[in-house]
Amino acid sequence: MWERFSYYGMRALLVLYLTQHLIQTAHTDTVLGFLALQSSLEALFGPLSTQALASQIYGLYTGLVYLTPLFGGILADRLLGQRNCVILGGLLMATGHFLMISEAFFLLALLFLIVGNGCFKPNISTQVGSLYPVGDPRRDGAFTIFYMGINLGAFFSPLICGTLGQRYGWHYGFGAAGFGMLLGLLVYLFGQKYLVGATSSHKILDTEVSAPLTGKEWQAIVGLLTLATLNILFWAVYEQQGNTLQLFAEHNTDWHILGWEMPSTWFQSLNPAFIFILAPLLDRLSRQQQSSSISKMALGAILLGGSFLVLIFAIDGVQSTEKISFLWLALCTLIYTLGELYLSPVGLSLVSKVAPLRLMSMLMGVWFLSSFFGNFLSGYIGSFYEKMPKQDFFMLLALLGIGTGLAIYTVKSLLKKAVGVD
Numbered sequence: 008m009w010e011r012f013s014y015y016g017m018r019a020l021l022v023l024y025l026t027q028h029l030i031q032t033a034h035t036d037t038v039l040g041f042l043a044l045q046s047s048l049e050a051l052f053g054p055l056s057t058q059a060l061a062s063q064i065y066g067l068y069t070g071l072v073y074l075t076p077l078f079g080g081i082l083a084d085r086l087l088g089q090r091n092c093v094i095l096g097g098l099l100m101a102t103g104h105f106l107m108i109s110e111a112f113f114l115l116a117l118l119f120l121i122v123g124n125g126c127f128k129p130n131i132s133t134q135v136g137s138l139y140p141v142g143d144p145r146r147d148g149a150f151t152i153f154y155m156g157i158n159l160g161a162f163f164s165p166l167i168c169g170t171l172g173q174r175y176g177w178h179y180g181f182g183a184a185g186f187g188m189l190l191g192l193l194v195y196l197f198g199q200k201y202l203v204g205a206t207s208s209h210k211i212l213d214t215e216v217s218a219p220l221t222g223k224e225w226q227a228i229v230g231l232l233t234l235a236t237l238n239i240l241f242w243a244v245y246e247q248q249g250n251t252l253q254l255f256a257e258h259n260t261d262w263h264i265l266g267w268e269m270p271s272t273w274f275q276s277l278n279p280a281f282i283f284i285l286a287p288l289l290d291r292l293s294r295q296q297q298s299s300s301i302s303k304m305a306l307g308a309i310l311l312g313g314s315f316l317v318l319i320f321a322i323d324g325v326q327s328t329e330k331i332s333f334l335w336l337a338l339c340t341l342i343y344t345l346g347e348l349y350l351s352p353v354g355l356s357l358v359s360k361v362a363p364l365r366l367m368s369m370l371m372g373v374w375f376l377s378s379f380f381g382n383f384l385s386g387y388i389g390s391f392y393e394k395m396p397k398q399d400f401f402m403l404l405a406l407l408g409i410g411t412g413l414a415i416y417t418v419k420s421l422l423k424k425a426v427g428v429d
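Numbering-wise (the numbering used here), the sequence shown opens with residue 8 and increments by one.
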């Protein structure tokens with residue numbers, strides 16, 4: 008919970024901090040390495056405005072957060088062990104948040120957060136499963152508690168870190184995320200007696216004789232790689248909520264209710280709140296409908312794209328100086344949260360079902376790697392936010408989402424044959 012509080016608190020503030028303070032007020036000259044990073048990005052993408060540069064940095068940061076867990080898992084397996092990696096990750100992330108207090112260390116702070124997340128993320132999840140023997144029915148309940156903790160952190164961090172950052176000063180928001188991470192680390196350390204057997208260090212020993220992959224296994228791999236590639240586009244659109252949608256919430260959305268104005272970062276608490284509400288309902292509905300996994304994933308992508316049609320309708324005829332009600336943004340969030348619930352957990356489950364056992368970890372890593380590319384692509388797509396009329400930009404997102412869903416539907420029969428399940 009506290010690690011997600013840390014990450015989502017950072018995500019809630021990052022683009023606003025860059026566009027309203029660090030880049031906008033020309034503080035970048037004092038940031039170690041910033042001009043070199045800007046020059047590198049502009050060499051690849053051409054001159055970048057303040058918003059476009061912030062979007063690219065957002066994409067790099069969120070993307071690398073999903074890349075480093077691949078190496079964090081290897082570090083734990085082969086050298087430090089899961090317990091030590093979690094402790095190291097927590098300390099690195101807390102340090103990163105506190106480094107944000109100094110503008111000069113902004114990029115160094117991001118590096119600490121990225122590396123720390125890589126050490127933390129894969130090893131805390133693995134320990135949950137290690138608490139129970141194979142087949143123990145309590146394991147599912149444990150992961151449910153774990154998932155609820157994740158979403159509690161995601162829900163509260165925009166409310167606390169976002170409010171502190173927007174109303175009292177950016178560094179208060181970043182600092183709160185750091186203290187949250189330290190608190191989580193203390194909980195972990197004092198709770199070690201309950202984690203006996205789940206935190207030991209071990210090395211991977213390859214005692215199996217490598218046998219050639221069967222034709223069926225190759226089909227499963229190709230099918231999963233196809234879905235992972237399409238998954239990139241899903242996350243590229245979905246991750247706009249911390250990027251361009253946060254800017255839209257800040258500048259184009261009216262957050263007044265009964266004469267009081269909510270901080271715009273509260274927008275990012277809507278998604279985890281809707282997950283709390285919708286996840287049990289969708290689970291029950293899925294058991295009744297028995298829809299195929301691939302069909303669910305296609306529907307998830309279509310819902311994601313369709314959510315932006317709500318914003319296109321809301322801003323139709325509205326002057327550029329006018330703001331729309333936050334209820335329109337809430338409706339958009341509700342729909343793409345449905346899309347997330349239809350695609351993300353179903354995709355993870357599908358990998359665990361059909362991946363060849365000897366390649367399970369690698370293919371799960373590849374699945375998460377698609378989130379890296381998707382987040383990176385979200386930064387590139389977001390760089391067009393200022394260059395296009397709002398309706399055209401949201402139509403682009405809608406077409407990408409819906410197009411991804413239709414592509415999954417189009418190759419459904421081939422994918423069904425390849426992965427061996429519906």
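Here a beta-carbon is modelled for each residue, glycine too, at the ideal position from N, C-alpha and C.
Where residue i falls: helix, strand or coil (DSSP)
i	result
Thr328	coil
Glu224	helix
Asp323	coil
Leu267	The question names Leu, yet the displayed sequence has Trp at residue 267. Strand at Trp267.
Thr35	helix
Thr260	strand
Gly313	helix
Glu10	helix
Phe181	helix
Ile415	helix
Ile388	helix
Asn91	helix
Thr75	coil
Gly160	helix
Local Cβ density within 10 Å of residue i, reported as buried at 16 or more and exposed below that
i	result
Thr37	exposed
Leu86	exposed
Lys128	buried
Lys210	Confidence at Lys210 is low in this model, with a pLDDT of 45, below 50, so its placement is unreliable and the value that follows should be read with caution. Exposed, by the Cβ-count rule.
Val216	Residue placement at Val216 cannot be trusted, given a pLDDT of 40 that sits under 50; what the coordinates show is reported in the next sentence. Result: exposed.
Val194	exposed
Leu212	Note on Leu212: pLDDT 46, under 50, position unreliable in the model; the coordinate value appears next. With fewer than 16 other Cβ atoms within 10 Å, it is exposed.
Ala50	exposed
Thr214	For Thr214, the pLDDT reaches just 45, beneath the cut-off of 50, and the residue's location in the model is therefore unreliable, leaving the point undetermined.
Tyr68	buried
His258	exposed
Tyr15	buried
Gly198	exposed
Gly40	exposed
Phe283	exposed
Glu268	exposed
Ser390	buried
Arg90	buried
Ser47	exposed
Thr236	exposed
Pairwise C-alpha distance: residue j and residue i
i	j	result
Glu329	Ser164	29 Å
Ser208	Leu138	Model confidence at Ser208 stands at a pLDDT of 44, short of 50, so the residue's coordinates are unreliable and nothing is read from them.
Glu393	Pro287	38 Å
Leu441	Val361	As displayed, the chain neither begins before 8 nor continues past 429, which places residue 441 out of reach and without an answer.
Gln247	Pro396	16 Å
Thr251	Gly66	11 Å
Trp225	Tyr245	30 Å
Gly125	Cys92	9 Å
Ile131	Gln326	48 Å
Leu310	Leu336	15 Å
Met402	Leu192	43 Å
Asp84	Phe78	10 Å
Ser314	Met107	34 Å
Leu407	Thr417	15 Å
Thr35	Pro140	52 Å
Arg11	Gly160	5 Å
Beta-carbon gap between residue i and residue j smaller than 8 Å
i	j	result
Trp273	Leu20	no
Gly381	Ala184	no
Ala305	Lys419	yes
Lys303	Tyr349	yes
Met188	Ser377	no
Phe52	Gln45	no
Val229	Ser300	no
Ala308	Ile239	no
Gly346	Leu404	no
Gln173	Val22	no
Phe162	Ala280	yes
Gly80	Gly103	no
Leu166	Ser276	yes
Pro363	Ala149	no
Ile157	Met8	yes
Phe119	Leu29	no
Any chain B beta carbon closer than 8 Å to residue i
i	result
Ser164	In the structure shown, chain B does not exist; there is a single protein chain.
Using 8 Å as the Cβ pair cut-off and three pairs as the minimum, do the stretch 381-391 and the stretch 255-268 touch? Segments in contact, no.
Does the structure place the stretch 69-76 close enough to the stretch 408-416 that three or more beta carbon pairs sit under 8 Å? Output reads no: the stretch 69-76 does not touch the stretch 408-416.
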